[in-house]
Each structure stands twice: as structure tokens, then as C-alpha cells.
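Protein chains in written order, with full-length UniProt numbering: chain D, 1 to 305; chain G, 1 to 146. Cβ atoms here follow ideal geometry from the backbone N, Cα and C, with glycine treated the same way. Here the structure is laid out as C-alpha cells; the discussion comes afterwards.
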């Protein structure tokens with residue numbers, strides 16, 4: 001049983017308004033049957049300091065990633081994870097998190113790999129809930145034992161691998177990292193630990209649109225008009241485009257994937273989760289340094305495939 | 001890699017972590033996080049005196065006071081926002097384990113101490129690097145001190 005969408009005016013302008021809920025909506029619907037609230041943060045301890053009453057925690061690294069292979073959990077792993085969080089296939093899942101929902105969007109994207117139908121983000125995320133002095137608790141939620149079916153992951157529609165991106169060259173690419181990562185001046189976010197990329201720069205022809213530009217200062221998504229100005233007018237995306245977004249490990253670009261897919265209505269957007277930690281280390285893939293998107297080297301189109 | 005001895009207080013903390021299950025280790029780290037004291041006024045009123053440890057995932061500010069020779073007793077002062085409990089927890093462990101020790105003992109702390117807390121699987125190696133960076137910065141500042 002899924003819940004009715006949040007009928008806010010702001011959301012009505014987006015392509016898929018049912019993918020967002022406001023803090024007001026969530027406060028009014030807490031405890032509703034069929035609703036599971038999930039917190040997903042960068043900081044692994046933040047949930048424990050206090051969370052939305054009844055919310056369960058999902059940690060991107062220890063719960064969504066495979067422990068050995070650089071990949072996501074499989075259908076059985078996802079079914080086990082969902083059951084352990086009290087989520088059924090019919091649950092309405094609302095995800096929120098720190099840093100403008102950066103990791104929450106990543107979790108939502110992984111839910112989408114498994115085709116979980118009703119999964120939404122809390123507009124403004126954890127920071128907005130806290131800023132509005134809404135209730136937080138350290139009580140552990142009671143989780144009912146439920147079943148979740150084993151559904152195999154379907155990567156192709158929304159996930160691009162290295163080879164897919166090579167095939168994709170010539171179509172729009174959005175690089176969502178910081179400006180210095182894009183130009184190649186550095187290979188990690190400012191203030192973040194080195195995660196090991198041998199080369200700096202960007203994928204040829206990729207346009208730079210740092211992910212956080214989609215968020216307003218209060219962590220909510222920018223309005224439809226503002227987002228259109230950024231992604232259509234400035235980055236040149238057009239209806240019908242086949243788009244690949246990437247960052248460093250695919251987390252920030254999940255946020256952009258959400259914006260392009262659910263807020264602006266692009267129907268063919270893939271997240272390249274290998275991102276720069278794969279591309280910047282791969283042998284003989286083309287790289288451009290500097291502020292310009294750059295051209296596609298003709299020789300590379302022939303040989304690197 | 002430094003291979004010195006672990007100071008007694010820090011060794012105790014490591015033992016405390018090691019004696020717990022993984023879930024309880026996180027809870028203990030959370031306690032260090034909530035227990036991290038605020039800055040004394042001479043620093044809270046002068047944030048420019050603090051130095052950011054940029055290798056940490058979340059903002060962490062650090063400053064130190066080093067006493068006179070021969071002991072050169074080390075005092076640590078940390079500041080990190082409450083939205084960064086993991087970073088605060090790491091700072092809390094280092095504060096309780098190292099504050100007040102002679103500089104030579106701090107410099108001799110093995111660089112792999114963060115790994116010995118048994119948190120790497122739950123926290124992930126990437127996040128643990130933040131703690132290694134803090135320890136590295138503390139040692140560097142001692143070495144660079146006049």
C-alpha cells in the first residue's frame with residue numbers, strides 16, 4: 001500500500017512530483033501504515049546522535065556495497081537488507097540524509113536498481129528537519145518482521161559501466177565534481193582524503209555542473225525554473241538526450257541523476273558509478289585537462305573500444 | 001611507520017574497544033563524540049588560532065599547546081560540528097589517550113593505532129583515514145614546533 005503524494009505547489013512543477021515529500025508532509029505522515037523512513041548519511045554515526053522518530057538507518061558503504069567486489073549487493077542481499085529494515089515491496093520509502101541528501105540520493109538510486117517502485121526523497125533532508133526543530137530521537141525503531149522478494153538488479157537502464165561510457169562518447173556527459181577536479185588540478189574533493197586516481201581531468205566533452213548547484217542554501221532542491229536554467233540553458237541538455245553523469249565514485253552523480261530523471265524528466269539518464277576513480281586509472285581512455293570540455297580524439301574512438 | 005609503544009591511557013582505550021562487539025564499538029565511539037569538550041575561551045573566541053585538518057571528511061579544527069623542555073607536555077584542543085560525530089569521536093579518543101603526555105611519547109605513538117580500535121569494518125578504511133590524518137597532523141605540529 002503506497003501513500004498519496006505530497007501535493008505541494010513547488011513539487012507540481014517537477015516532472016515527477018511524487019518523488020519528493022516536504023518536511024511538513026513527513027511530519028504529518030509519520031507512523032502511517034505502509035511508510036518506512038530511511039536515513040542515509042555520509043557520517044556513519046550521525047543517525048545514532050538522533051534521527052526522525054521511527055526512521056531506520058541504511059549505511060551506503062557497509063550495507064549497499066558488496067563487501068568484496070566493487071559492485072552493489074545482489075538481489076538476495078537486497079531482499080535480506082529490506083526485510084531487516086521492515087521494508088516490503090509495496091512500502092512507500094522516504095529517504096533523507098545529511099549534506100543536501102547527497103547520500104540519500106545515492107541510496108535512492110540503488111533502490112531503483114532493484115526496481116523498488118515507491119521511493120522518495122525528503123526535500124531538504126536531515127538539515128531542514130533539524131533546522132525546523134522537528135522531533136529527533138535516539139530510540140531504536142521497532143521493526144516488524146517482513147518479507148521482501150528477491151528481485152535481480154537491473155543495471156542497464158540507469159547504470160553505465162566503463163565500456164558503456166566509451167560507447168556513449170559523443171552524447172552528453174555531465175561531470176558533477178568540483179571545478180578543480182574537473183580541470184585536473186586535483187583528484188579528490190577539497191578537504192577529502194585522497195582516494196587514488198592516477199590522472200586528473202575529465203572525460204572528453206563532459207560539461208561541468210557541480211552537483212550541489214541543484215540544491216538551495218537550505219538543502220532543498222532548486223525550483224524547476226532554476227534547474228532548467230542550469231541543465232538546459234547552461235549545460236545544453238535537450239529533451240530526448242541520452243545522458244551519463246559521473247563524479248568520483250558515483251555518489252554525487254546519483255544526486256544529479258535524481259534531478260535530471262525525476263525533477264526535469266529526462267528519460268535516459270545513467271549514473272557512471274565507476275566514475276573518476278575508475279576512468280582516472282583506466283589504461284588508454286581519453287582524458288581532457290583544463291576548463292574546456294574538449295574534443296573527442298578521433299583515434300581514441302577507433303582504438304579504445 | 002613508527003613502531004613505538006602505545007601510551008598507557010591510549011592502550012586502555014584500545015582494549016575497551018577491542019573487548020566490545022562491533023555495534024558496541026560504534027556506540028563507544030559515539031560516547032567519545034558526545035564527550036568531546038568545547039574549546040576554552042581563549043580559542044572559542046579566536047577561531048583563527050585553529051588549524052583545519054583538511055584530510056578529514058568533515059571539518060575538524062585543531063590546535064595544540066606544547067610546554068617547556070625537557071618534557072614538552074602536549075595539550076590538544078579540537079573542534080568539530082555536531083553534524084560530524086565520527087570525526088568528533090576520533091578526536092575524543094586522541095584527546096583522552098594523548099592529552100598531557102610528553103612530546104616524545106606522542107611522537108612515538110605507532111601510526112597504525114587507528115586500525116587497532118577494531119572499527120575499520122564498521123567505519124570503513126576510507127573513513128578511518130580521517131583519524132590517521134589527525135594523528136599525523138598532531139605529530140607534524142610537534143615536530144615543527146619551535
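If the five residues before and after residue 142 of chain G are omitted, its C-beta is found closer than 7 Å to the C-beta atoms of 66, 74, 103, 106 and 107, all from its own chain and listed in chain order.
DSSP, reduced to helix, strand and coil, places residue 25 of chain G within a helical segment of the structure shown. The Cβ of residue 220 of chain D sits no closer than 7 Å to any Cβ of chain G. Residue 89 of chain D and residue 26 of chain D have their C-alpha atoms roughly 20 Å apart.
Remark: C-beta atoms of residue 197 of chain D and residue 294 of chain D do not approach each other more closely than 7 Å.
Annotation for residue 18 of chain D: no beta strand (DSSP E) segment contains it, and DSSP assigns it neither H nor E. The beta carbon of residue 180 of chain D sits no closer than 7 Å to any beta carbon of chain G.
Along the length of the region 130-206 of chain D, whole alpha helix (DSSP H) runs at least 4 residues long occupy 162-168 and 179-183, reported in chain order.
Taking the beta carbon of residue 137 of chain G as reference, no residue of chain D falls within 9 Å; the closest one sits roughly 13 Å away. Interface annotation, residue 84 of chain G: in contact with chain D, CB-CB separation under 7 Å. In the assembly as shown, residue 101 of chain D is a buried residue. Its beta-carbon has 16 or more other beta-carbons within 10 Å. Under the three-state reduction of DSSP, residue 242 of chain D is assigned to strand. Using a Cβ-Cβ cut-off of 7 Å, residue 120 of chain G does not count as an interface residue toward chain D, since no Cβ of chain D sits closer than that to its own. The C-beta distance from residue 268 of chain D to residue 242 of chain D rounds to 4 Å, short enough to meet the 8 Å contact threshold.
Just so you know, the alpha carbons of residue 255 of chain D and residue 8 of chain G end up roughly 46 Å apart. Listed by position along chain G, the residues whose Cβ is nearer than 7 Å to that of residue 46 of chain D are 83 and 85. The Cβ atoms of residue 63 of chain D and residue 46 of chain D do not sit closer than 7 Å to each other.
The beta-carbon distance between residue 17 of chain G and residue 28 of chain G, rounded to whole angstroms, is 6 Å. This is short enough to meet the 8 Å contact definition. The beta carbon of residue 124 of chain G sits closer than 7 Å to some beta carbon of chain D. For the pair residue 43 of chain G and residue 78 of chain G, the CB atoms are not nearer than the 7 Å cut-off. Taken through DSSP and simplified to helix, strand or coil, residue 284 of chain D comes out as coil.
Per DSSP, the unbroken beta strand (DSSP E) holding residue 37 of chain D starts and ends at 35-39. Boundaries of the beta strand (DSSP E) harbouring residue 96 of chain D: 92-96, taken from the DSSP string. Residue 20 of chain D and residue 96 of chain G have their alpha carbons spaced roughly 44 Å apart. Taking a Cβ-Cβ cut-off of 7 Å, the neighbours of residue 98 of chain D in chain G comprise 83, given in sequence order.
At a cut-off of 7 Å between beta carbons, residue 168 of chain D makes no contact with chain G. Judged by DSSP in its simplified three-state form, residue 51 of chain G adopts strand.
Selection D:173, D:228 and D:96 evaluated against residue 130 of chain D yields D:96 as nearest (Cα-Cα).
Looking at the DSSP output, residue 272 of chain D shares a beta bridge with D:246.
Apart from sequence neighbours up to five positions away, the residues of its chain that approach residue 25 of chain G with a beta-carbon distance below 8 Å are 17, 117, 118, 119 and 122, ordered along the chain.
Apart from sequence neighbours up to five positions away, the residues of its chain that approach residue 132 of chain G with a beta-carbon distance below 6 Å are 114, ordered along the chain. In terms of beta-carbon proximity, residue 133 of chain D stays away from the interface with chain G, with every pair separated by 7 Å or more.
In the DSSP annotation of this structure, residue 120 of chain G is not part of any beta strand (DSSP E); the continuous alpha helix (DSSP H) holding it starts and ends at 120-123. Using a CB distance cut-off of 7 Å, residue 43 of chain D counts as an interface residue toward chain G. Inter-residue distance for residue 111 of chain G and residue 140 of chain G is about 12 Å (C-alpha atoms, whole angstroms). For the C-beta of residue 62 of chain D, the chain G residues within less than 8 Å are, from N- to C-terminus, 121, 122 and 124.
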